[in-house]
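*Asks:* So the sequences go chain by chain: A and B. Going left to right, the first sequence walks through residues 58 to 524 as the working numbering numbers them. Going left to right, the second sequence walks through residues 58 to 524 as the working numbering numbers them.
2 protein chains.
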Amino acid sequence: MNKDLAIRELTEKFGTRLNVSAADRERHGQDESSHAVMMPDAVLYAAGTGDVVAAIEICARHRMPVIPFGAGTSLEGHVAAPHGGLSLDLSMMNRVLAVHENDLDVRVEAGVTRQALNAYLRDKGLFFPVDPGSECTLGGMVATRASGTNAVRYGTMREQVLSLKVVTATGEVIETGNRARKSAAGYDLTHLFVGSEGTLGVVTEMTLRVYGRPEKLMAGVCRFPNLQAAIDTVIATIQLGLPVARIELLDELSVKAVNAYSGLDHTEMPTLFLEFHGSAPAVDAEVSSFSRLAKEFGGSAIEFADRQEDINKLWHARHQLYYATRAMAPGKHVLTTDVCVPISRLGDCMLETRHDLDESPVMGTMLGHVGDGNFHTILLADPNNNGEMRELERLHERMVTRAIEMGGTCTGEHGIGLGKIKYLEKEKGPAVHLMRQIKAALDPIGIMNPGKLLPNPSLGEEMDNQR
Amino acid sequence: MNKDLAIRELTEKFGTRLNVSAADRERHGQDESSHAVMMPDAVLYAAGTGDVVAAIEICARHRMPVIPFGAGTSLEGHVAAPHGGLSLDLSMMNRVLAVHENDLDVRVEAGVTRQALNAYLRDKGLFFPVDPGSECTLGGMVATRASGTNAVRYGTMREQVLSLKVVTATGEVIETGNRARKSAAGYDLTHLFVGSEGTLGVVTEMTLRVYGRPEKLMAGVCRFPNLQAAIDTVIATIQLGLPVARIELLDELSVKAVNAYSGLDHTEMPTLFLEFHGSAPAVDAEVSSFSRLAKEFGGSAIEFADRQEDINKLWHARHQLYYATRAMAPGKHVLTTDVCVPISRLGDCMLETRHDLDESPVMGTMLGHVGDGNFHTILLADPNNNGEMRELERLHERMVTRAIEMGGTCTGEHGIGLGKIKYLEKEKGPAVHLMRQIKAALDPIGIMNPGKLLPNPSLGEEMDNQR
């Protein structure tokens, strides 16, 4: 890699939009997790697809890594620069390019946040359902195959993306799909790029599905005497095929964290946060079916949030849970787990995990998108206490092993990044070999976000040897 | 390619399960379309994944093409053998391996037909929704990214496949996913193989989503004074977000064909075949919303099929439409088109197409999965009349060009095969270059179903030069 020459050429091309200040590089070398800061050599604020093409061409010529950056809210070190390189910040590419109300799709640049898109859509009676906890960009959400609280009904990013504009590792611009709802034309490049974590190319624009706001929406909370009762209710709900829009579980400690952080006074018991969408009769039927189930398992009556303001407050509190847990013990190292299992195994998986946490000296909240079989623990350890730090890894390893044995995955929605590389091969076995072949074919010189997603032997390491 | 040596080794390995009779080769060299017969050199009836591995290893050693074969019901020449080779018939691999009722998923071998799966699931209160018109295998449906009448509500094969067991072009066995409903672990190999038409590897087993039978199901027909009224009703239904389970349009000629072929007496007017699924109050609300819309556009009241037997008859007739159209003019060459456009353009697209057909000397029915924006014309021409044959191509070209200009695709569900290769580059542009890179990476010697899906320069042609 000829870094100095690359930076000189980038500066000539982009002027002050290329930044090499330590502060900016540091901000771009870390995400919202506790992964170590690994600074890029420079940061480019791209203004359009043309900039991305020009930057990749320069970087390719000098074998300089390119690390796409949206809002830096990932949780597995996705934006860190273990081999240096150029952080390609797409946050200025934040235009909504088209809203096709009649087709329920939109075209946006990759730097638009999910919140900005929903603000834009509000007065059109439309919404975009995928909602990770953070203020993240849609490009980043494509990169990590993100999901959130609505996935149980609307699906994850995988189900929302109709087409992507991608700049490849060789600087070619392609469009992976079109606006048709289905197509059988050739290999599914759209889904190959969704979840590829910036390792195959840079997504600069996308066409997404959006939805009409439901005729009726009801949201509320339902409390349970213990975790098992709450989980059993969730499993029965899904197995009955009730099309709940959101069904989120918070354990006691999570409720406590939310209360403290968001100034609320929820009773500190295992709690489901719920939302129902549909026609008025459909929602009424669903609510009554759910209530019957919950009662059977010892749950409370649903306490409904009446005003839209209260509903917003409810979900805002849920979305803040990662920050709320961190705030319980400032300065601690945080490890977020993200396993996802078939719904019939969710009870065993969560209760065995809760048992592990109860036996462990480290503290952790447990919460999740339980309708999908996906839950998180947010584990806290003293970074100066080697025993505690090792304990985090031990717990994580046990959870992942358990999830895989139950037919599940090490990550439901956060992605592999740096943090879960060690588990990819364990989960995918020889399929990782195919992933490597695809990576080598589409990024032959290995400049796209090297060191992420794929385990050793990584192209990133080969690049190191070439320095 | 050393064909004789390959066949000798295959015979030694598989005995009488390898068949080189002309009759069997001919049957395996054609699908249900009018594409020319192109015979393979031999047919192997595989009994399990191990057979597929052994066969691919032998074929790879001798550079002999491998063409996966399910039921031979594709419509774009997918199973033909333009470069000879081994037809790998998976129809004996027809076991349902597991039903996880509590997780709403099943594990099946690739040779199970959709009808056999549904017969197996019936007494468990479950069903599998994807339903192309023919008696096809689930492996073939994966290969072509098939859909059908339920896709408007349940999605296509793309949405149903949780994981695939694949034998790669080098004989490696991989599992692409697991039973979790979502995962952010690595590249999405599942969706790369869905729709890859046997050109990247052979799918031998799969995990599929299944669904609980709805609490209430209503099906019926609604007639319209003209095509425009029917299409406008469909567009309004989708834009209103009514979650219809099925909404299928038949033009007058299609209704006539169905009546003649299936011995029915539907009034010969543009007709929607409809089905509603859900809780009783939800279905009632939907039916009344739909009826209001249909009436606005001049549609009849819905004529409901009361008994399950009548409902089955209705959909059986719809599924037979390809055969019904062929039967109107036996011996004619058939060309089936398959464009899919954004719903807001469906009216323009269908009406302009109808106009083209009305002006044309060739006959064609028009029908479709209109809720997805997808429709077919089934065009008939005298194979000995060059003018008519050219006219089919002219009409097809016009339809595809129009669909692409409207933001759509040349194929919603039938795939590329041989028949639509000429349109892939027109639709996908430089993205085809990436498809070629992926093909070259995963099938470096080009033995997997050569000559299909990708336009020239094709690996199949390179193989020809090596003979």
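We treat Cβ as the ideally placed atom computed from N, Cα and C, and that holds for glycine.
Using a Cβ distance threshold of 8 angstroms, determine whether the segment 132 to 139 of chain B contacts the segment 74 to 81 of chain B, with at least three qualifying pairs required.
*Replies:* By the Cβ rule, the segment 132 to 139 of chain B does not count as touching the segment 74 to 81 of chain B, because fewer than three pairs are nearer than 8 angstroms.
*Asks:* Within 9 angstroms (strictly less), CB to CB, does Ile115 (chain A) reach chain B?
*Replies:* Here residue 115 (chain A) refers to the residue found at position 58 of the first sequence. No, Ile115 (chain A) does not count as interfacial toward chain B.
*Asks:* Since Ile124 (chain A) is in the beta strand (DSSP E), which residue starts that stretch and which ends it?
*Replies:* For the purposes of this step, residue 124 (chain A) is taken as residue 67 along the first sequence, with counting starting at 1. Val123 to Phe126 is the span of the beta strand (DSSP E), which, as asked, contains Ile124 (chain A).
*Asks:* State the Cα-Cα distance for the pair His334 (chain A) and Pro300 (chain B), rounded to the nearest angstrom.
*Replies:* Position 277 of the first sequence, counted from the first residue, corresponds to residue 334 (chain A). Position 243 of the second sequence, counted from the first residue, corresponds to residue 300 (chain B). Taking the straight line joining both Cα atoms gives about 12 angstroms.
*Asks:* Applying a beta-carbon distance threshold of less than 7 angstroms, which residues of chain A neighbour Val398 (chain B)?
*Replies:* Residue numbering aside, residue 398 (chain B) sits at position 341 when the second sequence is read from its first letter. Chain A residues near Val398 (chain B): Ala237.
*Asks:* With distance defined between alpha-carbon atoms, name the residue in A:Gly86, A:Gly469 and A:Gln87 nearest to Pro395 (chain A).
*Replies:* Taking the first residue of the first sequence as 1, we reach residue 395 (chain A) at position 338. The sequence as given places Asp at residue 395 (chain A); Pro does not occur at that position. Considering only alpha carbons, the answer is A:Gly469.
*Asks:* Around the Cβ of Gln217 (chain A), are there at least 16 other Cβ atoms within 10 angstroms (buried) or fewer (exposed)?
*Replies:* Counted from its first residue, the first sequence places residue 217 (chain A) at position 160. Gln217 (chain A) is buried by the Cβ-count criterion.
*Asks:* Excluding the 5 residues flanking Glu325 (chain A) on each side, which residues of the same chain have their C-beta closer than 6 angstroms to its C-beta?
*Replies:* Taking the first sequence and counting its residues from 1, the one referred to as residue 325 (chain A) is at position 268. Cβ neighbours of Glu325 (chain A) beyond the five flanking positions: Glu309, Val312 and Lys313.
*Asks:* I'd like to confirm the pairing. Which residues does DSSP put opposite Glu166 (chain A) in its beta bridges?
*Replies:* Here residue 166 (chain A) refers to the residue found at position 109 of the first sequence. Note: Glu166 (chain A) sits in a beta bridge opposite A:Glu262.
*Asks:* Pop quiz: Asp568 (chain B) and Arg236 (chain B) are said to be a contact at Cβ under 8 angstroms. What is the actual Cβ separation, rounded to whole angstroms?
*Replies:* Residue coverage of chain B in this structure runs from 58 to 524, which leaves residue 568 (chain B) outside it and unanswerable.
*Asks:* Helix, strand or coil for Thr294 (chain A), going by three-state DSSP, please let me know.
*Replies:* If you number the first sequence from 1, residue 294 (chain A) lands on position 237. Three-state DSSP puts Thr294 (chain A) in a helix.
*Asks:* For the segment 468 to 498 of chain A, which residues have a CB atom closer than 9 angstroms to at least one CB atom of chain B, in sequence order?
*Replies:* Thr468, Gly469, Glu470, His471, Gly472, Ile473, Lys477, Tyr480, Leu481, Glu484, Lys485, Gly486, Pro487, Ala488, Val489, His490, Leu491, Met492, Gln494, Ile495, Lys496, Ala497 and Ala498
*Asks:* One question on the structure: do Val251 (chain A) and Arg202 (chain A) come within less than 9 angstroms of each other, judged by their Cβ atoms?
*Replies:* Along the first sequence, one-based indexing puts residue 251 (chain A) at 194. Along the first sequence, one-based indexing puts residue 202 (chain A) at 145. By the CB criterion at 9 angstroms, Val251 (chain A) and Arg202 (chain A) fall inside the cutoff.
*Asks:* If we define contact as Cβ-Cβ less than 9 angstroms, is Arg215 (chain A) a contact residue for chain B?
*Replies:* One-based indexing of the first sequence puts residue 215 (chain A) at position 158. Yes, contact with chain B.
*Asks:* Determine contact between the segment 250 to 269 of chain A and the segment 495 to 504 of chain B, defined as no fewer than three beta-carbon pairs at a distance below 8 angstroms.
*Replies:* no
*Asks:* Chain B beta carbons: is any one of them nearer than 9 angstroms to that of Val251 (chain A)?
*Replies:* The sequence position of residue 251 (chain A) within the first sequence is 194, counting from 1. Chain B contact via Cβ: present.
*Asks:* DSSP on Val136 (chain A), reduced to helix/strand/coil?
*Replies:* Taking the first sequence and counting its residues from 1, the one referred to as residue 136 (chain A) is at position 79. Reduced to three states, the DSSP call for Val136 (chain A) is coil.
*Asks:* Could you tell me the alpha carbon to alpha carbon distance between Pro512 (chain B) and Glu450 (chain B), rounded to whole angstroms?
*Replies:* Numbered from 1 along the second sequence, position 455 holds the residue referred to as residue 512 (chain B). Numbered from 1 along the second sequence, position 393 holds the residue referred to as residue 450 (chain B). Going from the Cα of Pro512 (chain B) to the Cα of Glu450 (chain B) covers about 18 angstroms.
*Asks:* For Gly476 (chain B) versus Pro139 (chain B), is the C-beta spacing smaller than 9 angstroms?
*Replies:* What you label residue 476 (chain B) is simply residue 419 of the second sequence in a count that begins at 1. What you label residue 139 (chain B) is simply residue 82 of the second sequence in a count that begins at 1. Against a cut-off of 9 angstroms, the Cβ pair of Pro139 (chain B) and Gly476 (chain B) comes out as no contact.
*Asks:* In terms of residue numbering, what span does the alpha helix (DSSP H) encompassing Ala314 (chain B) cover?
*Replies:* By one-based count along the second sequence, residue 314 (chain B) stands at place 257. The continuous alpha helix (DSSP H) containing Ala314 (chain B) extends over residues Glu309 to Ser319.
*Asks:* Within this structure, are the beta carbons of Ala176 (chain B) and Leu195 (chain B) separated by less than 9 angstroms?
*Replies:* Here residue 176 (chain B) refers to the residue found at position 119 of the second sequence. Here residue 195 (chain B) refers to the residue found at position 138 of the second sequence. Result no, Cβ atoms of Ala176 (chain B) and Leu195 (chain B) do not sit closer than 9 angstroms.
*Asks:* With H, G and I counted as helix, E and B as strand and the rest as coil, what does DSSP make of Glu445 (chain A)?
*Replies:* Here residue 445 (chain A) refers to the residue found at position 388 when the first sequence is read from its first residue. In this structure, Glu445 (chain A) counts as helix in the three-state DSSP scheme.
*Asks:* So what does DSSP say about Ser220 (chain A), is it helix, strand or coil?
*Replies:* Within the first sequence, the letter at position 163 stands for residue 220 (chain A). Correct three-state label for Ser220 (chain A): strand.
*Asks:* Can you tell me whether Ala112 (chain A) is helix, strand or coil according to DSSP?
*Replies:* As a position in the first sequence, residue 112 (chain A) is number 55, starting the count at 1. Three-state DSSP puts Ala112 (chain A) in a helix.
*Asks:* From Ala112 (chain B) to Gly298 (chain A), what does the alpha carbon distance come to, in whole angstroms?
*Replies:* Against the second sequence, residue 112 (chain B) aligns to sequence position 55. Against the first sequence, residue 298 (chain A) aligns to sequence position 241. The straight-line gap from Cα to Cα measures roughly 42 angstroms.
*Asks:* Along chain A, in chain order, which residues have C-beta atoms closer than 8 angstroms to that of His157 (chain B)?
*Replies:* Position 100 of the second sequence, counted from the start, is the residue given in the question as residue 157 (chain B). Per Cβ cutoff of 8 angstroms: Pro399 and Ser401.
*Asks:* For the putative contact between Ala173 (chain B) and Asn151 (chain B), defined by C-beta atoms under 8 angstroms, what is the C-beta separation to the nearest angstrom?
*Replies:* Residue 173 (chain B) sits at position 116 when you count from the first residue of the second sequence. Residue 151 (chain B) sits at position 94 when you count from the first residue of the second sequence. Ala173 (chain B) to Asn151 (chain B), Cβ: 7 angstroms. Contact.
*Asks:* Counting only beta-carbon atoms, is Val230 (chain B) nearer than 9 angstroms to chain A?
*Replies:* Residue numbering aside, residue 230 (chain B) sits at position 173 when the second sequence is read from its first letter. True, the Cβ-Cβ gap to chain A drops below 9 angstroms.
*Asks:* Starting from Gln296 (chain B), find everything on chain A with Cβ-Cβ shorter than 7 angstroms and list it in chain order.
*Replies:* Residue numbering aside, residue 296 (chain B) sits at position 239 when the second sequence is read from its first letter. Ordered by position in chain A, the residues that pass the 7 angstroms Cβ test against Gln296 (chain B) are Asn159.
*Asks:* Looking at the secondary structure, which residues open and close the beta strand (DSSP E) in which Phe333 (chain A) lies?
*Replies:* Here residue 333 (chain A) corresponds to residue number 276 of the first sequence, with the count starting at 1. Counting along the chain, the beta strand (DSSP E) containing Phe333 (chain A) begins and ends at Thr328 to Gly335.
*Asks:* Helix, strand or coil for Leu75 (chain B), going by three-state DSSP, please let me know.
*Replies:* Counting from 1 along the second sequence, the entry for residue 75 (chain B) is found at position 18. Here Leu75 (chain B) sits in strand by DSSP.
*Asks:* Starting from Thr261 (chain A), find everything on chain B with Cβ-Cβ shorter than 7 angstroms and list it in chain order.
*Replies:* Sequence index remark: in the first sequence, residue 261 (chain A) carries index 204 (1-based). None at all; the shortest Cβ gap to chain B is about 14 angstroms.
*Asks:* In the DSSP assignment, what residue or residues form a beta bridge with Ala438 (chain B)?
*Replies:* For the purposes of this step, residue 438 (chain B) is taken as residue 381 along the second sequence, with counting starting at 1. Looking at the DSSP assignment, Ala438 (chain B) forms a beta bridge with B:His390.
*Asks:* List the whole-angstrom C-beta distance separating Pro97 (chain A) from Leu143 (chain A), where the pair is believed to meet the contact cut-off of C-beta under 8 angstroms.
*Replies:* By 1-based counting over the first sequence, the position of residue 97 (chain A) is 40. By 1-based counting over the first sequence, the position of residue 143 (chain A) is 86. Rounded, the Cβ-Cβ distance is 6 angstroms, consistent with contact.
*Asks:* State the Cα-Cα distance for the pair Gly421 (chain A) and Glu229 (chain A), rounded to the nearest angstrom.
*Replies:* As a first step, residue 421 (chain A) is located in the first sequence; it is residue number 364 there, counting from the start. As a first step, residue 229 (chain A) is located in the first sequence; it is residue number 172 there, counting from the start. If you take the alpha carbons of Gly421 (chain A) and Glu229 (chain A), they lie about 45 angstroms apart.
*Asks:* Determine the chain A residues that contact Thr233 (chain B) at a beta-carbon separation under 9 angstroms, and present them in chain order.
*Replies:* Locating residue 233 (chain B) in the second sequence gives position 176, counting from the first residue. Correct list: Lys485, Ala488 and Leu491.
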